[in-house]
Amino acid sequence: MQLDSKTYTYSSKKSNNYILIFLGLVLLIVNFVLGSSSKEFYFSYLTSYFFWLSILLGGIFFTLVHHGFSATWSTVIRRVMENIIILMPIFTLLFFPIVVGMDKLFLWTSPELVAADHLLQVKEPFLNEQSFLIRFVLYFSLWNLISIFLYRMSVKHDSTGDHSLLKKMHFFSMSPLAVLFFVSLTFVGFDLLMSLDPHWYSTMFGVYIFSGSFLVFLAVLTFTLIRLQDQGYLNGIVSKEHYHDLGKYLFAFTVFYCYIAGAQFYFIWYSNLPEETIWYLHRWVGTWKVASVLLIFGKFMVPFFTLVFRASKRNTKVLKVMTLWIIAIHYLDIHWIVMPTIHHDNVHLGAYDLFTMLGFTLVFVGMFKHIMSRNALVPINDPELKHAINHRNSN
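Right under this line is the structure:
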């Protein structure tokens with residue numbers, strides 16, 4: 020099989036990418052310096068950070084699934100997924116401000132509050148600074164190991180054509196490390212988001228975070244593929260058949276997210292325990308009520324009634340709009356989880372929210388474009404690539 024290298028070799032000026040990365044880091048550093056004494060900065064930083072981290076975690080999940088089940092159809096989009104997850108090392112470093120601001124983010128870091136609160140004392144073996152930092156050392160070690168291993172093996176296979184590398188990636192993705200990743204994806208939601216209100220708990224919250232993370236990654240992946248084709252890349256490689264499959268995933272996980280979010284709410288509403296219902300009550304006052312209703316319509320009804328049709332899944336213009344919508348609503352979802360902790364009455368979008376989000380976006384885009392330009396956009400020596408290009412949907 021011969022492919023035109025022009026369509027799978029991404030070209031991007033290094034200087035432009037470095038400028039984006041530099042500007043993004045400057046924005047984050049300046050905000051950190053100016054807001055290091057402000058509680059609001061750390062909450063804004065956490066919101067933006069977790070938004071982008073969730074995209075990477077959703078990408079690791081999809082990449083593990085691809086290799087673990089030796090999927091064929093997704094071979095043509097595998098490298099783009101790998102280019103996203105290899106950004107994990109930079110996001111490991113960007114976790115530092117959250118460590119610095121732990122005392123402003125989490126009530127359970129205060130010895131005085133813990134001493135005066137019986138429930139915090141019961142949870143102290145888990146919610147304490149030492150165990151929190153140990154868990155995140157383990158999380159980031161695992162996430163970096165998975166992302167770097169899969170990326171390097173894939174790139175090495177491009178140059179060597181050694182198919183034993185594909186077997187290594189398959190067995191790696193079926194190893195206990197993959198199981199540990201799923202556990203870590205659950206617990207990172209507990210640690211970074213649920214523990215903001217240490218009196219509240221939900222056994223479904225980890226699955227809620229997983230469903231949102233995978234859904235937003237699918238949206239970012241689909242939008243990226245469409246943008247690449249708009250720029251002349253991947254033509255004749257990624258087709259409407261692949262967009263149809265991605266559209267089905269977007270539709271399925273929209274439904275799954277709604278099921279998990281709805282079940283979590285209904286169980287809490289039915290049991291009517293004050294320590295559980297108070298979390299939702301905080302999000303049903305002032306303009307938070309508007310945000311709550313918007314989440315119901317925006318994260319379920321709009322994508323559901325758009326993507327339910329076969330034609331919409333195969334229309335890149337519709338998919339582009341829907342992926343941008345899902346990405347924006349996912350940010351609202353994270354903001355809705357984090358911000359009522361300090362802004363109790365109304366939705367608040369301030370300068371810290373804007374500039375931290377802009378900083379992370381510039382770093383992500385600059386690093387992603389730089390990584391994409393270093394290697395082929397498809398795994399050119401993968402024996403399943405031909406079958407993946409010729410993939411057809413039966414429905």
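Heads up, the sequence shown is in my numbering, so the first residue is 20 and it goes up one at a time. Cβ coordinates follow ideal geometry from the N, Cα and C atoms, glycine included. No experiment lies behind these values; they were computed from the predicted model shown.
When C-beta atoms of the stretch 223 to 242 are compared with those of the stretch 341 to 349, three or more pairs fall below 8 Å, so the two segments count as touching. Excluding its 5 nearest sequence neighbours in each direction, residue 408 has C-beta neighbours in its own chain below 7 Å: 95 and 256, listed in chain order.
If you look at residue 124, you'll find it in the alpha helix (DSSP H) that goes 121 to 124. Cβ contact annotation for residue 211 (same chain, cutoff 8 Å, sequence separation greater than five): 65, 69 and 117, in chain order. When the Cα atoms are used, residue 340 and residue 247 turn out to be separated by approximately 15 Å.
Non-local C-beta neighbours of residue 305 in its own chain, meaning closer than 6 Å and more than five positions away in sequence, comprise 364 and 365, ordered along the chain. In this structure, the beta-carbon distance from residue 398 to residue 177 falls below 8 Å. Residue nearest to residue 224 within the set 196, 320, 218 and 205 is 205 (criterion: CA-CA distance). The alpha carbon of residue 63 has as its nearest neighbour, out of 353, 282 and 76, the alpha carbon of 353. Going by DSSP, residue 250 is part of no alpha helix (DSSP H) at all; its letter is neither H nor E. Segment contact: the stretch 166 to 182 against the stretch 96 to 103, three or more CB-CB distances shorter than 8 Å; contact assigned. Secondary structure at residue 98: helix, using DSSP grouped into helix, strand and coil. For the 8 Å CB-CB criterion, residue 392 and residue 34 do not form a contact.
Taking residue 270 as reference, the option from 111, 148 and 230 with the minimal CA-CA separation is 230. Counting along the chain, residue 107 sits inside the alpha helix (DSSP H) bounded by residues 107 to 112. Judged by their CB atoms, residue 36 and residue 378 are not nearer to each other than the 8 Å cut-off.
Taking the C-beta atoms as reference points, residue 314 is found no nearer than 8 Å to residue 368.
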